[in-house]
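*Asks:* In the working numbering, the protein residues as written are 2 to 319.
The C-beta atom is built at its ideal place from N, Cα and C for all residues, glycine as well.
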Amino acid sequence: MQITFLGTSSGVPTRSRNVSSIALRLPQRAEVWLFDCGEGTQHQILRSDLKVSQITRIFITHMHGDHIYGLMGLLASCGLAGNPSRIDIYGPPKLDEYLKACGRYSQTHFSYPVKVHTVKPGLLFEDEEFSISCAPLTHRVPAFGYRVTEKDKPGRFDVERATAMGIPPGPMYGRLKRGEVMTLPDGRIVNGAELCGETQIGRKFVYCTDTIYCESAVELAQDADVLVHEATFSHQDAELAYQRLHSTSTMAAQVALAAQVKQLIMTHFSPRYAPGNAIVLDDLLAEAKAIFPRTIMAHDFFTYEIPRRQPAELAVAS
């Protein structure tokens with residue numbers, strides 16, 4: 002699981018930062034899941050090593066333009082770039098209406114199935130590898146945060162040991178890999194868990210923007226390996242944050258601390274903190290790290306590989 006930031010500015014793009022979009026790459030299934038799609042996102046993808054043809058799911062947090070203005074253009078291009086079999090789009094009420102209006106007035110017709118899902122708090126999607134849920138945030142329009150949970154996987158199956166024990170290859174191996182207890186033809190009882198290495202703990206990714214500090218963000222982010230949270234304003238501009246229902250750097254850090262996440266990555270920065278101004282982004286980073294030291298600041302095209310937890314970390318957590 003790998004995150005690539007395609008846009009890290011709030012409201013408007015700058016020379017160095019585009020507006021909001023994050024790609025979650027899942028190499029094991031050759032898929033890319035996109036979170037928000039601000040204007041120019043498809044150009045950012047072209048400048049990265051991501052493949053448009055691998056986009057299968059898009060998650061929109063809310064209906065403000067800096068999070069959706071790139072969506073229609075990207076969808077139109079997808080049909081020409083790789084003929085995807087299907088794209089599922091998840092977002093708040095009115096998203097489906099917005100896309101239909103864009104298609105109607107621009108005479109755009111997709112050459113592949115596009116399914117829009119209006120989200121509600123709770124589970125949105127689940128298969129054998131992942132589950133995706135969402136929770137409401139606190140902003141000026143309906144907004145949602147998203148949580149992607151990778152399911153735990155059994156450890157590596159010791160084929161050599163199984164062979165040495167005289168266990169015949171075939172369907173029985175599959176059941177033992179899943180940790181089942183089997184009775185062999187000769188009457189021996191074998192616990193599959195004893196033939197597998199350490200369980201691979203699934204990774205957890207949470208994305209929260211746009212929002213002011215809220216308890217539902219803390220609940221959504223509980224024990225996440227990575228929390229990506231907006232930090233539009235400096236703590237020194239907290240009054241602006243309250244007026245516009247955005248987070249400060251310290252609010253993002255407080256969510257991370259309360260949720261006991263492993264890593265906080267801040268994004269969605271106001272252009273007012275450009276170099277040369279009285280307050281710059283390094284100040285926001287210092288404010289957050291004073292509360293939650295495991296904080297880093299995203300920039301466009303920054304890529305972060307979400308690590309698996311090691312057995313030592315699990316022992317400490319328990």
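Can you find a heavy atom of the ligand FAD that lies under 8 Å from the Cβ of GLN55?
*Replies:* Questions concerning the ligand FAD fall outside what the structure shown contains, since it holds no ligand whatsoever.
*Asks:* Please name the residue or residues paired with PHE234 in a DSSP beta bridge.
*Replies:* PHE234 is bridged to THR249.
*Asks:* Skipping 5 residues on each side, what residues in its chain have a beta carbon closer than 8 Å to that of MET64?
*Replies:* Excluding positions up to five away in sequence, the list reads GLY92, PRO93, LYS95, LEU96, TYR99, VAL142 and PRO143.
*Asks:* Give me the residue from THR42, VAL33, GLU199 and ASP187 with the minimum Cα distance to VAL149.
*Replies:* It is VAL33 whose Cα lies nearest to the Cα of VAL149.
*Asks:* State the DSSP-derived secondary structure class of GLY104, mapped to helix, strand or coil.
*Replies:* In the structure shown, GLY104 sits in a helix (DSSP, three-state: H, G or I).
*Asks:* What are the boundary residues of the beta strand (DSSP E) that ARG148 is part of?
*Replies:* Start and end: 145 to 151.
*Asks:* Would you be able to state if there are at least three C-beta pairs under 8 Å between the segment 215 to 222 and the segment 176 to 194?
*Replies:* These segments do not touch.
*Asks:* If you draw a straight line from the C-alpha of PRO272 to the C-alpha of LEU47, how long is it?
*Replies:* PRO272 and LEU47: Cα-Cα distance of roughly 24 Å.
*Asks:* Measure how close the beta-carbons of SER49 and THR15 come, nearest whole angstrom, since I'm counting them as under 8 Å.
*Replies:* The Cβ separation is near 18 Å, so there is no contact.
*Asks:* In angstroms with no decimal places, state the Cα-to-Cα distance between SER21 and ILE307.
*Replies:* Roughly 20 Å separates the two Cα atoms.
*Asks:* What did DSSP end up calling SER92 once you bin it into helix, strand or coil?
*Replies:* According to the sequence displayed, residue 92 carries Gly and not Ser. Here GLY92 sits in strand by DSSP.
*Asks:* Put MET64 into one of helix, strand or coil per three-state DSSP.
*Replies:* In this structure, MET64 counts as coil in the three-state DSSP scheme.
*Asks:* Considering only residues of the same chain and omitting the five flanking positions on each side of ARG258, which have a CB-CB separation below 7 Å?
*Replies:* It should be pointed out that residue 258 corresponds to Leu in this sequence rather than to Arg. Taken in chain order, the residues that qualify are ILE292 and PHE293.
*Asks:* In the DSSP output, what is PHE206 paired with across the bridge?
*Replies:* According to DSSP, which records beta bridges pairwise, PHE206 is partnered with VAL149 and VAL227.
*Asks:* Taking the C-alpha atoms as reference points, what is the distance between VAL227 and VAL160?
*Replies:* Using only the alpha carbons, I get a separation of about 34 Å.
*Asks:* Run the CB neighbour count on MET298, radius 10 Å, all protein chains shown included, and call it buried at 16 or more, exposed below.
*Replies:* It is buried - the Cβ of MET298 has at least 16 other Cβ atoms within 10 Å.
*Asks:* Given a cut-off of 9 Å, decide if CYS38 and HIS68 are closer than it, judged by their beta-carbon atoms.
*Replies:* Yes, these two residues count as a Cβ contact at 9 Å.
*Asks:* I'd like the span of the beta strand (DSSP E) that includes THR139, first residue to last.
*Replies:* Note, THR139: premise wrong, no beta strand (DSSP E); not H, not E.
*Asks:* Please state whether DSSP places VAL33 in a helix, a strand or coil.
*Replies:* Looking at VAL33 - three-state DSSP - the assignment turns out to be strand.
*Asks:* Please work out which residues of its chain come closer than 7 Å, Cβ to Cβ, to ALA316, disregarding the five sequence neighbours upstream and downstream, and give them in chain order.
*Replies:* Annotation note: pLDDT 45 at ALA316 (below 50); position unreliable, no value reported.
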